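I have placed the structure first, in the form of structure tokens, so that the comments after it can refer back to it.
In my numbering, the protein residues as written are 1280 to 1620.
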């Protein structure tokens, strides 16, 4: 419980593009029906990096970044009790539109987003959440694992869109954090051989640690651990370089499925004739839903997935500027970064 003198907190504020300032700021106002949550761990997402660089389509400075979070409830609401351990989606859906009625809350046209329009994110000691976006975690969950639920839910959503596993083979273009999450989801859901591709051996080692059956090092032009990769039944695009979709069309078998989960800084050129000639099904994947959160939380509770090899760096809140600068440097040895207020 907060005392009356605790009306300020520490925050890592994106004061301007490329500049994070560690400040003491007022506690966020808690509207009726909202939760105040004390942040225990929060991850840095690619969208945080895009905002930091000034390249996000709608999030702008100044703001407090962060939405991959785990924390404890301080001000309860919506059936959540004080002290409960929770994680959250990056958005709050309206609950009234046709998409929400169908359970496709990720496609809600009236959703509100963390780190946008004055709603500060989780690079702070406290954050406000709405009950519909908040999910209970089992007692004793490692806060670092709790902070990984949201990005893993994005990966689960993308893999589930590909359809039944049925032992189908998978290629994942991009072995960053979402790509590695897709690897975990594909293996857990029962897909067959899963091969990742990216630049350099560091990403290959992380992919192998998380269960990849093979790794294609684009820099080396060869194959890491496991077999070479023939055309796959399903290709997931988890990288935003300009040729990623064309690469996926080349890698998928005729009649196969491509799922695009990454965003692109600019519209990529796509060789549509190749896509048509192979009769490829292309699906876009956006965010995640309650179903995805429930699946991932269940996996972590039963211990059937362990995403911790994704994490390579940990920083305190006062070091958030250094953490963002490290991620912006784009070193292959940098995986998921966790900030612990």
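Backbone N, C-alpha and C fix where the C-beta goes; we use that ideal spot for every residue, glycine too.
It should be emphasised that the depicted structure is a prediction, and the values quoted were computed from it without experimental measurement.
6 Å CB neighbourhood of residue i in its chain, flanking five on each side removed
{"i": "residue 1440", "result": "1538, 1562, 1564"}
{"i": "residue 1574", "result": "1435"}
{"i": "residue 1333", "result": "1296"}
{"i": "residue 1536", "result": "1441, 1513, 1560"}
{"i": "residue 1695", "result": "A query on residue 1695 cannot be resolved here, the shown segment of the chain reaching from 1280 to 1620 and no further."}
{"i": "residue 1338", "result": "1330, 1394, 1395"}
{"i": "residue 1579", "result": "1424"}
{"i": "residue 1454", "result": "1475, 1477, 1482, 1486"}
{"i": "residue 1624", "result": "This structure gives no information on residue 1624, because the portion of the chain shown stretches from 1280 to 1620."}
{"i": "residue 1345", "result": "1321, 1400, 1401, 1402"}
{"i": "residue 1460", "result": "1430, 1431, 1434"}
Which of helix, strand or coil DSSP assigns to residue i
{"i": "residue 1572", "result": "helix"}
{"i": "residue 1509", "result": "coil"}
{"i": "residue 1370", "result": "strand"}
{"i": "residue 1502", "result": "Because the pLDDT of residue 1502 is 46, which lies under 50, any placement of that residue in the model is unreliable, and the number read from its coordinates should be weighed accordingly. In the structure shown, residue 1502 sits in a strand (DSSP, three-state: E or B)."}
{"i": "residue 1312", "result": "coil"}
{"i": "residue 1497", "result": "coil"}
{"i": "residue 1290", "result": "strand"}
{"i": "residue 1472", "result": "coil"}
{"i": "residue 1480", "result": "helix"}
{"i": "residue 1331", "result": "helix"}
{"i": "residue 1451", "result": "strand"}
{"i": "residue 1396", "result": "coil"}
{"i": "residue 1349", "result": "strand"}
{"i": "residue 1300", "result": "strand"}
Own chain residues within Cβ distance below 7 Å of residue i, not counting five before or after
{"i": "residue 1282", "result": "Only weak support is given to the placement of residue 1282: the predicted model assigns it a pLDDT of 47, under 50, and the value that follows is read from those uncertain coordinates. Excluding positions up to five away in sequence, the list is empty."}
{"i": "residue 1447", "result": "1470, 1471, 1512, 1513"}
{"i": "residue 1462", "result": "1451, 1473, 1475, 1486, 1489, 1490, 1491"}
{"i": "residue 1456", "result": "1430, 1589, 1614, 1615"}
{"i": "residue 1374", "result": "1411"}
{"i": "residue 1372", "result": "1379, 1384, 1387, 1390, 1411"}
{"i": "residue 1468", "result": "1438, 1444"}
Close Cβ partners of residue i (< 8 Å) along its chain, the five nearest in sequence each way excluded
{"i": "residue 1635", "result": "In the structure as shown, the chain starts at 1280 and stops at 1620, and residue 1635 therefore has no counterpart that could be examined."}
{"i": "residue 1594", "result": "1601, 1602, 1616, 1617, 1618, 1619"}
{"i": "residue 1359", "result": "1314, 1352, 1365, 1410, 1413, 1415"}
{"i": "residue 1567", "result": "1368, 1385, 1429, 1432, 1433, 1435, 1436"}
{"i": "residue 1303", "result": "1287, 1288, 1289, 1290"}
{"i": "residue 1545", "result": "1521"}
{"i": "residue 1328", "result": "1603, 1606, 1607"}
Whole-angstrom distance between residue j and residue i, CA atom to CA atom
{"i": "residue 1299", "j": "residue 1534", "result": "47 Å"}
{"i": "residue 1355", "j": "residue 1361", "result": "5 Å"}
{"i": "residue 1523", "j": "residue 1408", "result": "35 Å"}
{"i": "residue 1382", "j": "residue 1443", "result": "20 Å"}
{"i": "residue 1506", "j": "residue 1541", "result": "The predicted model places residue 1506 with a pLDDT of 49, which falls under 50 and marks its position as unreliable; any figure quoted below should be read in that light. Distance between the alpha carbons of residue 1506 and residue 1541: 26 Å."}
{"i": "residue 1479", "j": "residue 1526", "result": "17 Å"}
{"i": "residue 1530", "j": "residue 1495", "result": "12 Å"}
{"i": "residue 1464", "j": "residue 1491", "result": "11 Å"}
{"i": "residue 1502", "j": "residue 1475", "result": "Low confidence applies to residue 1502: its pLDDT is 46, below 50, so where it sits in the model is not reliable, and the reading given next is rough at best. When rounded, the distance between both Cα atoms is 10 Å."}
{"i": "residue 1311", "j": "residue 1326", "result": "29 Å"}
{"i": "residue 1340", "j": "residue 1293", "result": "6 Å"}
{"i": "residue 1426", "j": "residue 1557", "result": "39 Å"}
{"i": "residue 1571", "j": "residue 1348", "result": "16 Å"}
{"i": "residue 1466", "j": "residue 1519", "result": "23 Å"}
{"i": "residue 1301", "j": "residue 1599", "result": "8 Å"}
{"i": "residue 1335", "j": "residue 1550", "result": "26 Å"}
{"i": "residue 1420", "j": "residue 1548", "result": "43 Å"}
{"i": "residue 1585", "j": "residue 1376", "result": "36 Å"}
Buried or exposed by the 16-neighbour rule on C-beta atoms within 10 Å, applied to residue i
{"i": "residue 1607", "result": "exposed"}
{"i": "residue 1396", "result": "exposed"}
{"i": "residue 1331", "result": "buried"}
{"i": "residue 1583", "result": "exposed"}
{"i": "residue 1418", "result": "exposed"}
{"i": "residue 1449", "result": "buried"}
{"i": "residue 1485", "result": "buried"}
{"i": "residue 1552", "result": "exposed"}
{"i": "residue 1343", "result": "buried"}
{"i": "residue 1610", "result": "exposed"}
{"i": "residue 1581", "result": "exposed"}
{"i": "residue 1498", "result": "exposed"}
{"i": "residue 1399", "result": "buried"}
{"i": "residue 1516", "result": "buried"}
{"i": "residue 1555", "result": "exposed"}
{"i": "residue 1612", "result": "exposed"}
{"i": "residue 1493", "result": "buried"}
Cβ-heavy atom distance, residue i to the ligand HEM, below 6 Å
{"i": "residue 1493", "result": "Judged by which ligands are present, the structure shown has none, so any question about the ligand HEM falls away."}
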